[in-house]
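Protein sequences appear in the order of chains A and B.
Residue numbers for the first sequence follow numbering that gives the first Met the number 0, beginning at 0 and rising by one.
Residue numbers for the second sequence follow numbering that gives the first Met the number 0, beginning at 0 and rising by one.
Beta carbons are placed, not taken as given, at the ideal position from N, Cα and C, and that holds for glycine.
Reviewing the structure listed below.
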Amino acid sequence: MKFTLSWLKDHLDTDEPVEKLADKLTMIGLEVENLEDKAKALKPFTIARVISAEQHPNADRLRVCMVDTGNGAAPVQVVCGAPNARAGLVSVFSPPGTYIPGKNITLSVGTIRGVESRGMLCSAAELQISDDHDGIMELPADAPIGVAYAEWAGLGDPVFEINLTPNRQDCTGVHGVARDLAAADMGRFKDPGIKPVKGEFPCPVKVTIEDPKLCPGFALRLVRGVRNGPSPQWLQQRLTAIGLRPINALVDITNFMTYDRARPLHVFDAGKVKGNLLVRHARDGEQLLALDGRTYTFDGSMCVISDDHGVESLAGIMGGEASGCDENTTDVLIESALWNEINIAQTGRKLGINSDARYRFERGVDPAFMVPGLELATRLVMEMCGGAPSDNVVAGNPFPDDRVIDFPLPEVRRLAGIDVSAAEMKRILSHLGFMMAGNGLVVKIAVPSWRSDVHGKADIVEEIVRMVGVDKVAMTPFGRGEDARKPVLTPLQLRTRRAKRALATRGMVEAVTWSFISKAAAQLFGGGQHALELANPIASDQSDMRPTLLAGLIAAAQVNADRGLGDVALFEVGQVFKGDRPHDQLVAAAGIRRGFAAAEGLGRHWSGSHTADAFDAKADALAVLAAAGAPMQALQIVPGGPDWLHPGRSGTIQIGPQNVLGYFGEMHPRALEALRADGPLMAFEVILDRIPEAKKKATRAKPALELSAFQPVSRDFAFIVDRTVKAGDIVRAAQGADKKLITGVTVFDVYEGKGIEDGRKSIAIEVTIQPREKTLTDQEIEAVAAKIVAEVTKKTGGTLRG
Amino acid sequence: MLEKSILEQIATAGDEAALEAVRVSSLGKKGAISALLATLGKMSPDERKTQGAAINQAKDKVTQALAERREVLKSAALDARLKLETIDVTLPAREPPAEAGRIHPLSQVWDELTTIFADMGFSVAEGPDIETDDYNFTKLNFPVGHPAREMHDTFFFPPKEDGSRMLLRTHTSPVQVRTMLSQKPPIRVICPGRTYRIDSDATHTPQFHQVEGLVIDKESHLGHLKWILHEFCKAFFEVDHINMRFRPSFFPFTEPSLEVDIQCRRDKGEIRFGEGEDWLEILGCGMVHPNVLRACGIDPDEYQGFAWGMGIDRIAMLKYGMNDLRQLFDSDVRWLSHYGFKPLDVPTLAGGLSS
């Protein structure tokens with residue numbers, strides 16, 4: 000919403016400086032986004048006359064001008080490149096030190112090709128008052144030399160631009176803005192009332208409303224015998240100042256009423272309208288060439304105004320070209336109607352039309368002003384174009400229910416924490432057009448017709464608070480109460496937090512990737528179902544909700560590799576989607592390692608380095624699970640995983656087959672190819688929601704520590720087993736040999752190759768035996784060792800390596 | 000004579016082996032001093048008395064000299080060995096993984112927010128990204144078709160058989176709805192989470208993050224709201240004072256509604272708070288609209304409260320001097336390493352939010 004200071008002063012008697020008005024507007028909820036004060040910005044630009052313009056001695060396209068800047072000053076020498084610089088021309092001059100807005104430079108005394116230049120003659124584009132940069136400005140010969148250009152050109156009127164919130168339809172007109180400012184003590188509101196214009200004959204055009212839900216009211220009037228030329232200078236200046244193009248008096252009047260009174264109107268050339276007007280639903284496929292020169296196709300939900308020719312206007316949004324007013328118009332039909340806000344919004348959105356009329360009607364215009372608006376418009380038409388008015392034709396019932404709110408005065412204190420006297424409340428509300436009646440603690444407040452946004456007590460509190468000033472509400476300490484200081488994070492939030500820190504500690508870098516990925520990528524990871532497909536994606540590669548974090552991480556790794564950073568370890572902890580219900584959204588932790596981004600450190604190192612492998616991914620996965628509080632003893636590692644992992648170099652982490660926590664391994668080369676990423680790439684993903692919750696303990700004390708008095712014994716064994724035998728089975732078999740005495744089994748060597756026959760391998764384990772009641776004799780230790788060998792042989796077919 | 004000769008041999012022994020030879024030749028079974036001792040048995044008691052003492056004295060001297068010399072030789076041998084055992088200490092040590100790893104600025108700021116609000120007695124509520132129209136709009140007092148819905152450019156999912164369609168939440172306010180529906184007042188929560196709107200430029204991305212706060216009880220009013228936000232901004236931006244401007248605005252779900260600006264000075268790409276002439280909009284807030292309370296089963300005449308919301312990405316960018324929102328989601332490791340945080344830099348109130 001834009002308007003100028005002088006326009007505001009039509010409705011507000013005020014001497015307040017423009018900056019103060021702008022600040023106040025912001026502080027009462029009409030946020031001034033921009034205050035353009037051309038008079039201030041263009042102050043150094045003055046009117047000057049070119050006395051002489053000689054060819055520059057060293058440049059074909061430059062002229063050396065002597066310029067009379069007025070006020071008896073000596074002529075100034077200016078080097079000018081404009082083709083129209085000539086002796087006698089009156090133009091605009093700026094001295095050194097001037098900021099040139101169109102060029103974003105500050106002028107200084109310069110020497111151009113050896114000739115000194117002490118200022119500049121300017122184009123309109125350089126002043127940012129139009130796009131015209133064909134040459135320096137040409138002003139009338141009698142323009143006053145030495146006077147500030149902006150002042151002379153009438154650009155001195157500051158322009159306000161308000162970022163209007165959608166609830167304030169009343170402030171889509173300057174009149175409403177002035178009312179708010181008056182209520183905020185910024186001056187006196189001018190509201191003289193509107194005298195009806197008496198009709199001289201019956202209106203020959205009748206109006207029928209087919210569906211009162213779409214059109215609650217419609218007022219129409221004919222003015223006969225008008226002359227529709229350019230509108231007066233003052234009106235043209237108003238419109239130009241806010242960026243509208245003057246067209247002709249009749250059209251300019253509708254635009255003026257839109258911005259002045261928040262009352263959009265439409266004018267039909269009566270000579271081009273055939274028969275009566277019918278306000279109706281459009282028929283599917285019906286078309287209209289609109290005033291913006293484009294043809295729109297309608298559907299049955301939209302509302303149009305038609306006559307015997309067919310559709311003449313798209314209700315409340317834009318008129319039709321065929322019945323538009325031009326300089327030949329002699330009889331004009333003025334329409335002032337009310338439209339269903341939601342229907343206007345939907346129609347405008349569907350057709351992609353953003354008109355000033357739509358902007359107001361979708362916010363809801365003042366129903367009580369339908370007929371007065373028509374009267375005011377008639378008066379303006381007669382003033383500017385002459386003519387004789389008909390009687391009004393009014394269809395529908397434009398008057399809304401009167402809203403009266405029972406308002407307890409302490410409500411202001413209750414919600415806003417501020418004390419305002421009843422008298423002050425009454426003063427503010429009456430300025431805003433509300434009526435407050437009653438003397439008790441609960442008063443009755445009648446809401447003005449133009450405030451469709453005010454329905455209840457809270458709305459009244461807002462009106463009072465914004466006028467008193469939110470800055471008057473004192474900050475009030477907000478104690479945290481008597482509640483004990485407990486952790487506030489849920490178990491899942493804590494897991495998320497710990498998972499991130501655990502992975503970063505392992506040298507991985509946290510990424511935050513998009514929640515949506517391409518359909519192909521989603522399908523690759525088992526997603527891509529219809530319910531998770533966006534109906535209106537922003538791009539085809541962001542079309543489906545991700546079932547995994549890996550797609551985003553793999554893409555990110557590739558982008559980094561393409562930039563020359565091939566050794567990357569990235570992780571993400573975030574939401575993945577298995578369906579569209581709340582419990583289908585899970586928190587996953589995933590990571591990838593590429594190139595030399597192994598767990599022991601990034602890149603190659605003189606002390607030895609290896610490219611990341613599946614065991615790095617396994618360690619990452621287990622580190623996350625441990626940090627997130629998973630029962631590590633209960634985890635099972637099962638060979639193999641989903642299709643997107645290498646079948647022989649991947650594993651599944653589970654607590655029984657029913658609870659799969661996640662996977663790790665090397666990415667399947669085919670999956671990488673489908674994702675257009677280079678491998679090899681190590682990956683893991685675990686679902687944090689699936690970690691069983693630990694039992695809550697009554698106290699924080701740790702279980703008592705039991706230290707054995709007897710020294711543990713350790714024994715090494717190497718078994719030769721079939722290549723397919725899993726190390727985990729050997730470890731489990733060894734542990735099972737004596738559950739009481741054996742407290743640890745670790746694998747310290749795995750060997751295949753020379754000395755071991757093909758298809759077999761050697762696995763060496765270290766077993767820790769912890770005596771419980773007494774030191775073990777050699778025979779007892781040998782007995783345990785024999786049991787271990789027997790058990791491993793039995794479970795795995797392995798033989799002790801000789 | 001003998002003693003002198005042996006002591007001389009000890010002193011000149013060049014290594015431990017030579018010294019051992021001297022020990023054997025003097026104190027060994029067939030050594031010279033052992034041989035002297037063996038002669039004691041044949042002596043008369045008087046002779047034995049004088050000779051014995053002398054021999055034993057010589058033996059002690061030799062023993063001690065041997066030990067001393069052994070120590071000298073051992074030490075010299077060690078020195079000689081160590082002299083050969085040199086390494087190039089300028090070879091680089093491996094960078095500890097914890098130094099290379101990074102926490103994303105959004106996660107760090109998430110932890111900072113939680114820390115500040117937990118101290119004020121707030122807990123953390125979360126909800127799904129995929130929401131119903133009812134929770135995202137209707138219960139929050141957005142009438143169907145209202146222009147305010149247009150301000151939210153919403154991502155939708157395909158219509159279901161019953162005609163309803165799910166959407167990606169455009170704000171975290173549905174979490175407030177879920178909280179009010181599932182919990183009885185008093186309520187004090189913050190709701191951080193990911194939100195979505197169809198938008199893409201340097202200051203808008205189709206996904207972004209918000210944190211909202213909600214207080215519902217019987218006495219909380221705008222004055223408390225202003226205080227909380229003021230305390231939060233000081234704590235979060237880590238400044239001693241900050242000037243804030245609260246101005247009336249409009250949101251469907253609050254009434255009265257306010258927007259909040261903080262005063263700042265822009266200085267070569269850095270933003271300094273608590274000084275300067277610029278106002279920077281950072282959040283929206285207000286008293287929860289009675290229609291929202293009613294829609295969530297709370298009587299607006301008995302209970303009242305306030306809510307606020309701000310962009311986590313935005314405040315993170317302001318605080319840490321990041322200038323393009325899109326980079327937060329670009330996963331460029333150069334950017335992440337620069338703007339990210341070390342894993343052990345956990346924000347705490349005692350140790351400071353940022354180090």
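- Inclusion of L276(A) and D306(A) in the CB contact set at 8 angstroms is warranted, their separation being smaller than that value.
- Within 10 angstroms of the beta-carbon of V266(A) lie 16 or more other beta-carbons, which makes it buried.
- M435(A): member of the beta strand (DSSP E) spanning 434 to 436, first to last residue.
- Nearest in C-alpha terms to A598(A), of all of M681(A), V108(A), A123(A), is M681(A).
- Closest by C-alpha distance to L11(A), out of L180(A), D22(A), S51(A), I104(A), is L180(A).
- Chain order gives no chain A residues near W307(B), where near means a beta carbon separation below 7 angstroms; the closest approach is about 13 angstroms.
- Bridge partners of A75(B) according to DSSP: none are assigned.
- Pairing P191(B) with G506(A), the inter-Cα distance amounts to about 27 angstroms.
- At a cut-off of 8 angstroms, the C-beta of G30(B) has no neighbouring C-beta in chain A.
- Residues are counted here when their Cβ sits less than 9 angstroms from a Cβ of chain A; for the region 323 to 340 of chain B these are L327, F328, D329, S330, D331, V332, R333, L335, S336, G339, F340, given in chain order.
- If you compare the alpha carbons of D583(A), R699(A), T489(A), E150(A) with that of V188(B), the shortest gap goes to T489(A).
- Annotation for A611(A): R592, A596, A597, M681 place their beta carbon closer than 6 angstroms to its own, counting only its chain and skipping 5 residues before and after.
- Cβ-Cβ distances below 6 angstroms link L282(B) to V259, W307, M309 in the same chain, with the five nearest sequence neighbours on each side left out; the list follows chain order.
- C-alpha of P203(A) to C-alpha of A387(A): approximately 13 angstroms in a straight line.
- When beta bridges are read from the DSSP output, D721(A) appears opposite R759(A).
- For L279(B), the enclosing beta strand (DSSP E) covers residues 277 to 287.
- Classified as buried, S248(B) has 16 or more neighbouring CB atoms from the shown chains inside 10 Å of its CB.
- Sorting A72(A), V158(A), G96(A) by C-alpha distance to the C-alpha of K8(A) places V158(A) at the top.
- Under the Cβ distance rule, I27(A) counts among the residues neighbouring chain B, one pair being separated by less than 8 angstroms.
- From the listed residues R48(A), F44(A), S116(A), P95(A), the smallest Cα separation to V63(A) is found for S116(A).
- When 9 angstroms is used as the limit between beta carbons, H223(B) is near these residues of chain A: G416, M474, T475, P476, F477, in chain order.
- Closer than 8 angstroms to the CB of A234(B) there is not a single CB belonging to chain A.
- Note on geometry: alpha-carbon atoms of A21(A) and L154(A) lie some 18 angstroms from one another.
- Within the region 30 to 99 of chain A, complete alpha helix (DSSP H) segments of at least 4 residues are found at 37 to 40, given in chain order.
- Taking CB atoms only, P165(A) has a neighbour in chain B less than 8 angstroms away.
- Taking a beta-carbon distance threshold of 8 angstroms, H288(B) counts as an interface residue toward chain A.
- Residue-level contact check: M165(B) touches chain A, since one or more beta carbons of chain A fall below 8 angstroms from its beta carbon.
- Nearest C-alpha to N353(A) among H529(A), L313(A), D390(A): L313(A).
- With respect to the 8 angstroms criterion, Q574(A) and S517(A) are not classified as neighbours on the basis of their beta carbons.
- Nearest CB-CB separation between D210(A) and chain B: not below the 8 angstroms threshold.
- The residue among G385(A), V508(A), R48(A), Q653(A) with its C-alpha nearest the C-alpha of A86(A) is R48(A).
- In the three-state reduction of the DSSP assignment, G212(B) falls in the strand class.
- For R101(B), the CB contacts under 8 angstroms within the same chain, skipping 5 residues up- and downstream, are L335, S336, G339, F340, K341, P342 in chain order.
- Between L491(A) and L687(A), the CB-CB gap stays under 8 angstroms.
- Looking at the DSSP output, T495(A) shares a beta bridge with no other residue.
- With a cutoff of 8 angstroms on beta-carbon distance, G212(B) and G416(A) are scored as not near each other.
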